[in-house]
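Worksheet for the structure shown next.
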Amino acid sequence: MQTQPPSYALRPPKRIGGSLSLDFVNTEMWRGDVPLRGERLTGYGELALWAGHLGILDRAGVRRLIQEAERRPDAAAAVLATALRLRGALGRILTAPAAASPDDLAVLNAVLARAPTRTGLAPARSGFAWAMTETDPLEQPLWPVVWDAAELLVSGRAERVGSCSDPDCAWVFLDTSRNRSRRWCSMADCGNRHKARRHYERVRAS
Numbered sequence: 183m184q185t186q187p188p189s190y191a192l193r194p195p196k197r198i199g200g201s202l203s204l205d206f207v208n209t210e211m212w213r214g215d216v217p218l219r220g221e222r223l224t225g226y227g228e229l230a231l232w233a234g235h236l237g238i239l240d241r242a243g244v245r246r247l248i249q250e251a252e253r254r255p256d257a258a259a260a261v262l263a264t265a266l267r268l269r270g271a272l273g274r275i276l277t278a279p280a281a282a283s284p285d286d287l288a289v290l291n292a293v294l295a296r297a298p299t300r301t302g303l304a305p306a307r308s309g310f311a312w313a314m315t316e317t318d319p320l321e322q323p324l325w326p327v328v329w330d331a332a333e334l335l336v337s338g339r340a341e342r343v344g345s346c347s348d349p350d351c352a353w354v355f356l357d358t359s360r361n362r363s364r365r366w367c368s369m370a371d372c373g374n375r376h377k378a379r380r381h382y383e384r385v386r387a388s
């Protein structure tokens, strides 16, 4: 029986969040309307491929993690479950940091606690990379996500996190506009759909 390739192997993720942790939250499609929700992280391989597309891993790193997941399927499934819990927690924390719940913070802090310590720099194929203490490599796609989320929160930049005005979409983004006027995750997608819908309603009314 031929299996279907992971969706991120067919269609790379859109990077509209302006921040790695926000792009991670946006791996869930149609976040606003529960019946429409679409899951992109349907297996550990999807998580590894997403990390490759976002530059967290190179191609060799993606292959290594997928092979590791095949050797340790139970551990890979547990990491995927952690990733999904983390994504939900980040979606709530980053869009309303002042109202962050202790449970959501506990999810974030648990992954932060397991992330390796950066001990220095080491030569790498493309220049330099962090030398880090050893930890479970299967969680590697999540480390830069939680570091980025923590930086957003402690810097106060999370106050600029917005959500798409399409109530079905609800993708998140870092609003860097001067007067925080950004409404859409993308004008090419939700923005254009809104304009087309308004045009249709005006034509119909006339």
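Residue 183 is where the sequence shown starts when you use the numbering used here, and the numbers rise one by one after that. All C-beta atoms, glycine included, are put in the ideal place defined by N, C-alpha and C.
* Can you list, in chain order, the residues of its chain whose CB lies under 7 Å from that of proline 326, leaving out five sequence neighbours each side? -> Leu202, Ile238
* **Cα-Cα separation between tryptophan 353 and arginine 213, rounded to whole angstroms** => 7 Å
* DSSP beta-bridge partners of valine 343 -> Leu356
* **Own chain residues within Cβ distance below 8 Å of tyrosine 382, not counting five before or after** => Low per-residue confidence applies at tyrosine 382: pLDDT is 42, beneath 50, and the placement is therefore not dependable, though the value from the model is reported in the following sentence. Closer than 8 Å at the Cβ level, and outside the excluded window around tyrosine 382, lies no residue.
* To do: Would you mind reading off the limits of the alpha helix (DSSP H) that contains threonine 315?
  => From DSSP, threonine 315 is part of no alpha helix (DSSP H); its letter is neither H nor E.
* Compare the beta carbon distance of leucine 268 and valine 244 with 8 Å and say whether it is the shorter of the two. => no
* Asked: Would phenylalanine 206 be called buried (16 or more neighbouring beta carbons within 10 Å of its own) or exposed?
  -> buried
* To do: Measure the C-alpha to C-alpha separation of arginine 300 and arginine 274 and round it to an integer number of angstroms.
  => 28 Å
* To do: Could you tell me whether the segment 313-332 touches the segment 248-257, where touching means 3 or more Cβ pairs closer than 8 Å?
  => yes
* To do: To the nearest angstrom, report how far apart alanine 297 and valine 328 are at their CA atoms.
  => 9 Å
* Distance CB(glycine 227)-CB(isoleucine 248) smaller than 8 Å -> yes
* **Three-state class that DSSP yields for methionine 183 in the structure shown** => Since pLDDT at methionine 183 reaches only 39, below the 50 mark, its modelled position is unreliable, and no value is offered.
* To do: Could you please give me the residues that DSSP links to proline 305 through a beta bridge?
  => Phe310
* Alpha-carbon spacing of proline 194 relative to histidine 235, whole angstroms -> 7 Å
* Can you give the Cα-Cα distance for threonine 277 and glycine 270, rounded to whole angstroms? -> 11 Å
* Cut-off 6 Å between Cβ atoms - residues of its own chain near glycine 200, not counting five sequence neighbours on either side -> Phe355, Leu356
* Starting from glycine 200, follow its DSSP beta bridges and name the residues at the other end. => DSSP output for glycine 200 lists no bridge partner at all.
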